[in-house]
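Letter by letter, the sequence shown follows residues 134 to 400 in the working numbering.
Every residue gets a Cβ at the ideal spot worked out from N, C-alpha and C, and that includes glycine.
The next block holds one structure in the form of structure tokens; read it before the comments.
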Amino acid sequence: RYCSGSSVGPALETSWAAAQKRPSPSLFRVICASFWFRIVSGCLLSGGSGLLATFARPMLLRMVVKTVEDDDPAEDRVVLFFALVAVCLVETWSQAALLHRLGEDLFTPYASGASYLVVRKVARIDRSAKQTLSEQAILGTDVVRLYDLCRTLGWLPMALCGLTGGIVMLLLTLGPPALAGIAILVVVLTLNNRLGKMGSVVEKSTMWAASDRLGILEKVVQGIKGIKFFTWEEQYLERLSAARAVEVEHIKRFRMFQVVSISLGRA
């Protein structure tokens, strides 16, 4: 329904206008209703890729090794070999299709539609009244940052299915000793959950810092004649630099939490 880039915004605006007539409108529900087929197909691709990587491929490898050790007939080895090659090819294809399906066909139209709605909202603001910078911040930072986060969110079904398949594979391969590894996994997941909450707090601080910086920048643009007349460029430049330094500090902390979380996950 929303394949054309130029029609995403108006179509989403129409759906959002209809949703606002309901008791509790939600843009998230509008997005899900508009792109439900892409969401379902993307989740199926993501989950299937996770199961292929952590269950099907290791299981076939185990069977290949077992046939070699038991000196089974050559026909069985050939069949298992081609089955393993097919699984590897399908796994690679599913990951590429996942990136295209969720990244290009879902999250890009979502970012385009959300930006369109924000621009339409900003265009209706009375500029003569005192306004905050929330609309500008949503368009300038929040939508773009949420788009980046959504691209990462596309791997969630793969991670959940891969986790389930990996645990089952460990239990089938190692038996009870695999519980020690699962216990370590639970500890790592708990630490990652804690890091995620801390990162969420830092992310909110980053957004507020970005809003403060945009506020100073808007004052500079609106009062540029007075700033030039009284030669206040250096003072405002120092204020902008200080605001940006605070924002960068929050960004650095957020990236640090991300790197630690990814490192724990890979370990």
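For residue i, count the other beta carbons within 10 Å of its own beta carbon; 16 or more makes it buried, fewer makes it exposed. Which is it?
i    : result
L235 : buried
A247 : buried
H159 : The sequence shown places Ser at residue 159, not His. So S159 counts as exposed.
V211 : exposed
V291 : A small fix is needed here, since residue 291 is Met in this sequence, not Val. That one is buried.
F188 : buried
Which residues in the same chain as residue i place their Cβ atom closer than 6 Å to its Cβ, once the five residues preceding and following it in sequence are excluded?
i    : result
D203 : none
V197 : L213
Cα-Cα, which of the options is closest to residue i?
i    : options                : result
V319 : K352, T297, G308, S338 : T297
H383 : W341, G287, L347, S374 : W341
N325 : G299, F240, V392, D209 : V392
W169 : R195, D205, F240       : F240
R253 : I395, F363, T147, A375 : T147
Distance check for residue j and residue i, CA to CA, integer angstroms please.
i    : j    : result
A152 : E371 : 45 Å
V129 : K154 : Since the displayed the chain opens at 134 and closes at 400, residue 129 lies outside it and no answer follows.
S182 : L293 : 11 Å
L266 : V223 : Low confidence applies here, because L266 scores a pLDDT of 49, under 50, leaving its location unreliable; read the following figure in that light. The alpha-carbon atoms of L266 and V223 are separated by roughly 48 Å.
F215 : C165 : 39 Å
G332 : A378 : 18 Å
L373 : S167 : 41 Å
L350 : L328 : 32 Å
E237 : G287 : 11 Å
L347 : E366 : 16 Å
E380 : A343 : 6 Å
Starting from residue i, follow the alpha helix (DSSP H) in both directions and report where the run begins and ends.
i    : result
R234 : Careful: R234 lies outside any alpha helix (DSSP H) and carries neither H nor E.
P290 : 289–307
W341 : 311–355
T200 : 190–202
Q153 : Careful: Q153 lies outside any alpha helix (DSSP H) and carries neither H nor E.
A378 : 366–399
F161 : 160–167
Identify, in the order they occur along the chain, each residue of the same chain with its Cβ nearer than 7 Å to the Cβ of residue i, setting aside the five sequence neighbours on each side.
i    : result
A230 : L178
W149 : L160, V163, L250
Report all residues from its chain with a CB closer than 8 Å to the CB of residue i; omit the five preceding and five following residues, and keep chain order.
i    : result
M302 : T187, F188, P191, M192
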